[in-house]
Amino acid sequence: LYAAPTMQFALTARQLFQSGCRSQLQSRRVDAAGASAAVALAIRYRKYCTAAPAAKKPSRRGYIVTCAVGSNAKQQQRQPAVLSDACADLQRRFGRDVAAMVESAARPAKPGQLLLLPGGLGRDADGFVVDLCVVGIAADAEHGGLAERVAAGAEPLEPWEARDDRRSVVRQAVTALRDLGCRQVMLDSGIAPSGAENADAAADVAEAAQSSALVYRRAPPKRPLVTDDADADETAPTLIGRIHGNSGNNSEAWDYGLTLGLAEARARDLMERPANLCTPSWFCQQAVEAAAALGPSVEVAVHDEDWIRERAMGGLLAVAKGSKEPPRFLVAKYNGRPESLNEGGGPAVADVCLIGKGVTFDSGGISIKPSANMADMRGDMGGAAVAFSSFLAACQLGLPLRLALCVPLCENMPDGAAVKPGDVIDLAGGRVTCRVDNTDAEGRLILADALHFAANSGAQPPRLIVDLATLTGAIAVALGGQRAGLFANRSARLTGFERRLLDSGFNRGDPLHQMPTDRRYRAAVQDRSGLADLSNIGTPDRMAGACTAAAFLSHFVPPSIPWMHIDMAGVMDSDGGGGSGGGKKMSGRPTRAVVDFLRSLTIEGFPAGK
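Below, the structure written as structure tokens:
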């Protein structure tokens with residue numbers, strides 16, 4: 026390289042090292058001084074030359090297979106590696122002694138442990154570098170063999186906790202292959218118990234793997250949302266199926282799990298996007314494009330500031346005043362039951378209306394937040410992301426439901442025109458006045474308008490309203506990052522909707538916790554100044570902040586309509602241990618719980634009386 030007579034080596038220093046200098050240094054064919062001189066010359070003369078393209082990294086394909094290990098210490102010491110049938114197939118296909126490789130590389134010693142063998146199977150017929158991840162599994166253990174036995178005398182795991190252990194192992198395995206650069210991942214069917222009675226296990230594995238496959242990378246705003254197309258992003262892996270085993274074995278549950286995982290990944294992708302890319306207008310554009318791909322059963326309407334003003338949505342207008350980004354109000358409808366009339370002969374009624382808080386960046390407004398961690402407030406539209414992703418998942422599953430989606434979108438910024446502490450504004454079409462005592466309690470203001478719109482805009486109200494919001498830090502103090510808080514009015518409790526949603530959360534490893542709502546909390550948000558009907562922060566001591574925030578919202582839903590509110594601020598990111606992707610990143614929760622709840626309504630039917 027140093028003595029090259031032409032300037033064709035004129036790449037950037039980074040490209041030069043990537044395209045061979047590093048490997049030659051390792052093989053001692055170029056000394057360090059020569060390499061440094063080559064880099065200097067390349068930088069000096071590159072303006073006279075045409076830079077060669079950077080060498081493309083070889084595509085990689087990953088396989089996750091299982092290895093039986095003992096369920097106790099003695100068995101683990103004396104039992105040799107017993108590889109699955111899928112491993113035997115790979116041995117025959119690639120001509121490699123996988124068993125010997127596993128033994129020589131310190132095989133997994135107990136259930137749930139991983140062994141990663143990068144490039145362990147060489148290359149396949151398509152030219153992919155084939156990586157192998159071996160997962161220890163105990164065939165005689167409960168819950169699919171991925172969790173260790175509970176020590177004698179210890180409190181046994183709840184079934185959903187053991188299922189979550191399986192998800193955790195699958196996430197780790199897929200993440201390890203993802204970090205190697207695998208674009209495609211195949212899973213051993215043996216990682217989940219077989220048989221129709223274990224359909225949930227197959228769904229768990231597929232969901233965890235698909236959700237873990239996403240890595241957000243900065244891209245132009247027009248980049249489409251995460252898809253299951255392997256060519257959409259060369260660096261993002263795609264779960265393409267299972268290896269070895271009857272393809273029809275729990276295939277419906279497997280496909281359902283893939284849809285769940287993709288829905289959570291989509292929500293996470295939206296929440297991770299920087300606020301300068303994910304604006305209210307951009308979010309709406311994603312909804313329009315998604316609806317076009319789903320066909321005539323889905324309708325989307327994007328309403329501008331004039332429409333919002335005509336309907337006197339004072340909360341949304343007040344919060345948006347401080348930003349140059351104009352507010353939007355997104356309405357989408359899905360008709361999974363094409364008959365135009367309901368049982369009573371009137372117009373079609375929405376079975377469920379999902380509402381999501383869409384503050385695409387929350388600075389706190391004039392009551393500005395501390396600068397530390399303010400960047401995380403790009404995820405303050407998490408309620409909108411989860412509601413939108415759940416809505417799309419229901420459409421993709423073809424659920425026989427009529428769904429509505431309402432998303433108020435804006436930014437909360439401290440401009441000269443921003444709403445100020447002490448201002449009094451009109452909400453719900455001018456029917457309620459509210460004193461804004463803290464501009465950082467903005468979510469409930471825009472949700473108040475959305476709830477009123479959902480309950481009153483149609484000829485008949487929806488049979489159920491569910492709103493999702495990163496509403497209060499108080500819920501994170503109460504529950505940490507493990508569970509979202511679930512608040513329900515009396516109608517939702519008596520009709521069984523609340524219990525159904527709680528069950529779905531546990532079933533999908535995305536648990537919610539029942540929180541109290543009663544008239545004492547409603548009284549706490551009455552304005553004591555005499556200037557307005559309500560105050561947006563409740564009691565001055567800020568006690569029970571999550572409960573008073575839910576009580577504030579309850580003023581905008583008629584008691585006769587079943588309504589549930591999910592405060593997901595604690596599970597917004599995965600720092601609390603409840604996320605899917607590892608590390609402090611947006612979690613996409615509780616998408617799995619919401620989608621499973623919607624699906625349960627089609628399987629078990631609506632609760633009696635509704």
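One point on numbering: in my numbering, the residue at position 461 of the sequence shown is 486, and numbering is uninterrupted. Where a beta carbon is used, it is the ideal one built from N, C-alpha and C, also for glycine.
Counting C-beta atoms within 10 angstroms of its own C-beta, D492 has 16 or more neighbours from the protein chains shown and is therefore classed as buried. Assignment of beta strand (DSSP E) within the region 460 to 510, counting only whole runs of 3 or more residues, yields 490 to 494 in chain order. Contact between A509 and P615 holds, since their C-beta atoms are separated by about 5 Å, short of 8 Å.
The residue among V127, Y88, V94 and A198 with its C-alpha nearest the C-alpha of R118 is Y88. By the Cβ neighbour-count rule, D598 is buried, with 16 or more other Cβ atoms within 10 Å of its own. By the Cβ test, the region 339 to 347 is in contact with the region 416 to 436, since at least three Cβ pairs between them sit closer than 8 Å. It is roughly 12 Å from the alpha-carbon of P299 to the alpha-carbon of W307. Put simply, of P133, M126, E523 and P321 the residue whose alpha carbon is nearest the alpha carbon of G144 is M126.
In this structure, the CA atom of A429 is about 22 Å from the CA atom of G286. S560 is bridged by DSSP to R460. In this structure, the straight-line span from the alpha carbon of L426 to that of V323 is close to 12 Å.
By the Cβ-count criterion, G215 is buried, with 16 or more other Cβ atoms from all chains shown falling within 10 Å of its own Cβ. When beta bridges are read from the DSSP output, M593 appears opposite no residue.
Within 10 angstroms of the beta-carbon of A513 lie 16 or more other beta-carbons, which makes it buried. In this structure L556 is exposed. Its beta-carbon is surrounded by fewer than 16 other beta-carbon atoms within 10 angstroms. Going by beta carbons, P486 and I586 fall inside the 8 Å limit. Burial state of E289 is buried, judged by a 10 Å Cβ sphere holding 16 or more other Cβ atoms. If you draw a straight line from the Cα of P351 to the Cα of D331, it is about 10 Å long.
Judged by their CB atoms, R85 and D151 are not nearer to each other than the 8 Å cut-off. Considered as a whole, the region 299 to 344 harbours 323 to 328 as its complete beta strand (DSSP E) runs of no fewer than 3 residues, in chain order.
Annotation for N532: the continuous alpha helix (DSSP H) segment containing it runs F522 to N532. The C-beta of P541 has fewer than 16 other C-beta atoms within 10 Å across all chains shown, which makes the residue exposed. A Cβ-Cβ separation of about 31 Å leaves N360 out of contact with L470 under the 8 Å criterion.
Rounded to whole angstroms, the Cβ separation of A484 and A453 is 19 Å, and the two are not in contact under 8 Å. DSSP places L626 within a helical segment (H, G or I) once states are collapsed to three. Nearest in C-alpha terms to A113, of all of V502, D213 and M589, is D213.
The region 374 to 394 and the region 439 to 453 touch, with three or more beta-carbon pairs separated by less than 8 Å. Following the DSSP letters along the chain, one finds L140 in no alpha helix (DSSP H) but inside the beta strand (DSSP E) bounded by residues L139 to L142.
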